[in-house]
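**Student:** Chains as they are written, first to last, in the numbering used here: chain G, 1 to 195; chain X, 1001 to 1186.
We treat Cβ as the ideally placed atom computed from N, Cα and C, and that holds for glycine.
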Amino acid sequence: MIGVGKIKQYSNVLDKPLSRGRQEVSLSAFAFLFSELVQYSQTQVDNIAELERRLEDAGYAVGARVLELLCHREKGNRRETRLLGILSFVHSTVWKVLFGKVADSLEKGTEHEDEYMISEKELLVNRFISIPKDMGAFNCGAFVAGIVRGVLDGAGFPAVVTAHFVPMEGQQRPRTTILIKFAEEVLRRESRLGG
Amino acid sequence: MAPLAPKTGDAVFASIDRVNAELFTLTYGAMVRQLLTDLEEVDEVNKQLDQMGYNIGIRLIDEFLAKSNVSRCVDFKETADVIAKVGFKMFLGVAAAVTNWDAEGTSFSLVLEDNPLVDFVELPDTCQGLHYCNILSGVIRGALEMVSMKTEVTWVRDMLHGDDAYELRVKLLKQVPEEYPYKDDE
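#1: Does the separation of the CB atoms of X:GLU1022 and G:GLY63 fall below 8 Å?
#2: Between which two residues does the alpha helix (DSSP H) containing X:ASN1046 stretch?
#3: For the segment 82-130 of chain G, list the beta strand (DSSP E) runs that are entirely contained and at least 3 residues long, ordered along the chain.
#4: Assign G:GLY5 to one of three DSSP states: helix, strand, or coil.
#5: Which two residues bound the contiguous alpha helix (DSSP H) that contains X:LEU1039?
#6: Find the nearest neighbour of G:ALA99 within the set X:ARG1018, X:ALA1011, X:ALA1005, judged by alpha-carbon distance.
#7: Let me know if X:LEU1173 comes out buried or exposed under the rule of 16 or more other beta-carbons within 10 Å of its beta-carbon.
#8: Below 7 Å between beta carbons is the criterion; list the residues of the segment 21-51 of chain G that meet it against any residue of chain X, in chain order.
#9: Any beta carbon from chain G within less than 8 Å of X:MET1031's own beta carbon?
#10: Please tell me whether G:ARG192 has its Cβ less than 8 Å away from any Cβ of chain X.
#11: Can you list, in chain order, the residues of its chain whose CB lies under 7 Å from that of G:ASP104, leaving out five sequence neighbours each side?
#12: According to DSSP, what are the bridge partners of X:MET1149?
#13: What does the alpha-carbon distance come out to for the pair X:ARG1157 and X:PHE1024?
#14: Taking the beta carbon of X:HIS1131 as the centre, do at least 16 other beta carbons fall within 10 Å, making it buried, or is it exposed?
#15: Among the candidates G:LEU27, G:LEU124, G:ALA61, whose CA atom is the shortest distance from the CA of X:SER1015?
#16: Looking at X:VAL1121: is its Cβ nearer than 8 Å to the Cβ of X:ILE1056?
#17: If I'm right that X:ALA1096 touches X:LEU1110 with Cβ under 8 Å, what's the distance once you round it to whole angstroms?
#18: Could you tell me which chain X residues have their CB closer than 7 Å to the CB of G:VAL62, listed as they occur along the chain?
#19: Using 8 Å as the limit for Cβ to Cβ distance, is X:MET1090 near chain G?
#20: So with CB distances below 8 Å, who are the chain G contacts of X:ALA1084?
#21: Report the neighbours of G:LEU98 on chain X: residues whose CB is nearer than 7 Å to its CB, in chain order.
#22: Determine, using beta-carbon pairs with one atom in the segment 1139-1150 of chain X and one in the segment 1158-1166 of chain X, whether at least three such pairs fall under 8 Å.
#23: Examine the Cβ distances between the segment 137-150 of chain G and the segment 172-179 of chain G and report whether three or more of them are shorter than 8 Å.
#24: Since G:ALA142 contacts G:GLU52 with CB under 8 Å, what's their CB separation in whole angstroms?
#25: Who are the neighbours of X:GLN1128 on chain G, taking C-beta pairs under 8 Å?
#26: For G:ASN139 versus G:PHE157, is the C-beta spacing smaller than 8 Å?
#27: The segment 61-95 of chain G: which residues have C-beta closer than 8 Å to a C-beta of chain X, in chain order?
#28: Ordered along the chain, which non-local residues of its own chain (more than five positions away) have a Cβ less than 8 Å from that of G:GLU190?
#29: CA-CA distance, G:ARG78 and G:ALA155?
#30: In chain G, which residues lie less than 9 Å from X:ILE1056 when you measure between Cβ atoms?
#31: Here's the rule I'm using: 16 or more other beta-carbon atoms within 10 Å means buried, otherwise exposed. How should G:ASN47 be labelled?
#32: Under a three-way DSSP split, which group does X:THR1154 fall into?
#33: Please check if any C-beta of chain G sits within less than 8 Å of the C-beta of X:ASP1043.
#34: Closer than 9 Å by beta-carbon distance: list the chain G residues that pair up with X:ARG1059, in chain order.
#35: Which two residues bound the contiguous beta strand (DSSP E) that contains G:GLU24?
#36: Any beta carbon of chain X sitting closer than 8 Å to that of G:ALA58?
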């Protein structure tokens, strides 16, 4: 029979060699799956804030695992310990692996010291999503915000991460900005470590 | 205009937008874990995954037909081959093998050697009844229903349960004659 004997079995998932992360699936497969995740989540909540929180939770679970995986595979078991280091890790390494490109921009908030923004003209998860009028400011980017929070939290940089639509002049669709607001302790530690 | 030649799974897969399989795998995992937390019962999770797959299947068939140029299959045998070689390849990037036909030619097995859903996955003792990939059976059932075939799709082998491959059994229950979705007097 076809297939038999070809597959090596491992008694434990940890014995299995780590994939190199080159495998791909079709974007539609992901879009279908994500759409089911959103639709299912909608049945479990009463309002938009809860819906975003659920998507964020799902993203968080992804982020925590991505950090572990990428630190091991891409960084030789090293993890960033400084604020700018971890931010650029998210903006470049994580984005490149998950979304196939580095994020469009990483900026520091102008009004608050503890805020940073990662912006994307067309976030992958929002590509096939249109928000009904009655759902207001709901943004499926909450899922990506969750991924970012999962990565940051796992690396010891707790933060509140939210996704927002930002209208762009001359563009039909708004871009999505992931707003990262670090916890106080992170900034205190950062200033103690010095520049 | 002459009908376009059907494309191979590889050709379609090469020509469409793709994403990293790990994002897909981890997202699916996150979803299954949420279901386990919400629904508590493993059987309920199996059911929900199957339903989600069905929802996907009834939409996915449109994209499949549009992009693969596959037209009407002459028999169930051809359908099986198209699912395995074109359908699986086009969406998941891996092809399946068709085996174990029954004598009547109404049921077959799809054997997956490579399954992007299960990277990093290990089932804990409490989830032994979970068909982790149950979404796939729903997808096949939903997609085939949209092309007039009522099927029953069940798991035969599952590597997460210690088997040596993933095997899905697809059984044709009946061919539904095509009907207009509306009546004249409505």
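**Tutor:** By the coordinates alone:
#1: Locating residue 1022 of chain X in the second sequence gives position 22, where the first residue counts as 1. Locating residue 63 of chain G in the first sequence gives position 63, where the first residue counts as 1. No. Outside cutoff.
#2: Here residue 1046 of chain X refers to the residue found at position 46 of the second sequence. That run of the alpha helix (DSSP H) goes 1042-1068.
#3: 105-108, 115-120
#4: Translated into positions along the first sequence, residue 5 of chain G becomes position 5. For G:GLY5, the predicted structure reports a pLDDT of 44, less than 50, and the residue's modelled location is therefore unreliable. A value from the coordinates is still provided. Reduced to three states, the DSSP call for G:GLY5 is coil.
#5: Locating residue 1039 of chain X in the second sequence gives position 39, counting from the first residue. Note, X:LEU1039: alpha helix (DSSP H), 1021-1039.
#6: To locate residue 99 of chain G, count along the first sequence from 1; it is residue 99. First, the amino acid is wrong: residue 99 of chain G is Phe here, not Ala. If we check each option's Cα against that of G:PHE99, X:ARG1018 comes out closest.
#7: Counting from 1 along the second sequence, the entry for residue 1173 of chain X is found at position 173. Result: exposed.
#8: Correct list: GLY21, GLN23, GLU24, VAL25, SER26, LEU27, SER28, ALA29, PHE30, PHE32, LEU33, PHE34, GLU36, LEU37, TYR40, GLN44.
#9: As a first step, residue 1031 of chain X is located in the second sequence; it is residue number 31 there, counting from the start. Yes, its Cβ sits closer than 8 Å to a Cβ of chain G.
#10: Taking the first residue of the first sequence as 1, we reach residue 192 of chain G at position 192. No - not a single Cβ of chain X is within 8 Å of the one on G:ARG192.
#11: For the purposes of this step, residue 104 of chain G is identified with residue 104 of the first sequence, where counting begins at 1. Counting only Cβ-Cβ distances below 7 Å, and skipping sequence neighbours, we find SER119, GLU120, LYS121.
#12: What you label residue 1149 of chain X is simply residue 149 of the second sequence in a count that begins at 1. Note: X:MET1149 sits in a beta bridge opposite X:GLN1175.
#13: Along the second sequence, one-based indexing puts residue 1157 of chain X at 157. Along the second sequence, one-based indexing puts residue 1024 of chain X at 24. So the alpha carbons of these two residues sit roughly 22 Å apart.
#14: Here residue 1131 of chain X refers to the residue found at position 131 when the second sequence is read from its first residue. By the neighbour-count definition (other C-beta atoms within 10 Å, threshold 16), X:HIS1131 is a buried residue.
#15: On the second sequence, position 15 is the one that residue 1015 of chain X refers to. Out of G:LEU27, G:LEU124, G:ALA61, G:LEU27 has the C-alpha closest to the C-alpha of X:SER1015.
#16: As a first step, residue 1121 of chain X must be located in the second sequence, where it is residue number 121. As a first step, residue 1056 of chain X must be located in the second sequence, where it is residue number 56. For X:VAL1121 and X:ILE1056, no; Cβs fall outside 8 Å.
#17: The count along the second sequence starts at 1 and reaches residue 1096 of chain X at position 96. The count along the second sequence starts at 1 and reaches residue 1110 of chain X at position 110. That pair is a contact at about 4 Å.
#18: Here residue 62 of chain G refers to the residue found at position 62 of the first sequence. Within chain X, the residues near G:VAL62 are LEU1026, THR1027, ALA1030.
#19: One-based indexing of the second sequence puts residue 1090 of chain X at position 90. Using beta-carbon distances, X:MET1090 counts as an interface residue toward chain G, with a partner under 8 Å.
#20: For this step, residue 1084 of chain X is matched to residue 84 along the second sequence. Residues of chain G with a Cβ closer than 8 Å to the Cβ of X:ALA1084 do not exist; the shortest Cβ-Cβ separation is about 10 Å.
#21: Sequence index remark: in the first sequence, residue 98 of chain G carries index 98 (1-based). ASN1020, LEU1023, listed in chain order.
#22: no
#23: When C-beta atoms of the segment 137-150 of chain G are compared with those of the segment 172-179 of chain G, three or more pairs fall below 8 Å, so the two segments count as touching.
#24: Residue numbering aside, residue 142 of chain G sits at position 142 when the first sequence is read from its first letter. Residue numbering aside, residue 52 of chain G sits at position 52 when the first sequence is read from its first letter. Yes, they are in contact, since the Cβ atoms of G:ALA142 and G:GLU52 sit about 4 Å apart, within 8 Å.
#25: Here residue 1128 of chain X is taken as the residue at index 128 of the second sequence, counted from 1. Ordered by position in chain G, no residue passes the 8 Å Cβ test against X:GLN1128, which lies about 15 Å from the chain.
#26: On the first sequence, position 139 is the one that residue 139 of chain G refers to. On the first sequence, position 157 is the one that residue 157 of chain G refers to. It is not a contact, given that the beta carbons lie outside the stated cut-off.
#27: ALA61, VAL62, ARG65, VAL66, LEU69
#28: In the first sequence, the residue the question calls residue 190 of chain G occupies position 190. Excluding residues within five positions, the ones whose Cβ falls inside 8 Å are ARG82, LEU83.
#29: Against the first sequence, residue 78 of chain G aligns to sequence position 78. Against the first sequence, residue 155 of chain G aligns to sequence position 155. If you take the alpha carbons of G:ARG78 and G:ALA155, they lie about 11 Å apart.
#30: In the second sequence, counting from the first residue as 1, residue 1056 of chain X sits at position 56. Correct list: ALA29, PHE32, LEU33, SER35, GLU36.
#31: To locate residue 47 of chain G, count along the first sequence from 1; it is residue 47. Label assigned to G:ASN47: exposed.
#32: Within the second sequence, the letter at position 154 stands for residue 1154 of chain X. Note: X:THR1154 maps to strand in three-state DSSP.
#33: Mapped onto the second sequence, residue 1043 of chain X falls at position 43. No, no contact with chain G.
#34: In the second sequence, residue 1059 of chain X corresponds to position 59, counting from 1. Neighbours of X:ARG1059 on chain G, chain order: PHE32, SER35.
#35: Counting from 1 along the first sequence, the entry for residue 24 of chain G is found at position 24. G:GLU24 -> beta strand (DSSP E) spans 24-26.
#36: Here residue 58 of chain G corresponds to residue number 58 of the first sequence, with the count starting at 1. Yes - at least one Cβ of chain X is within 8 Å of the one on G:ALA58.
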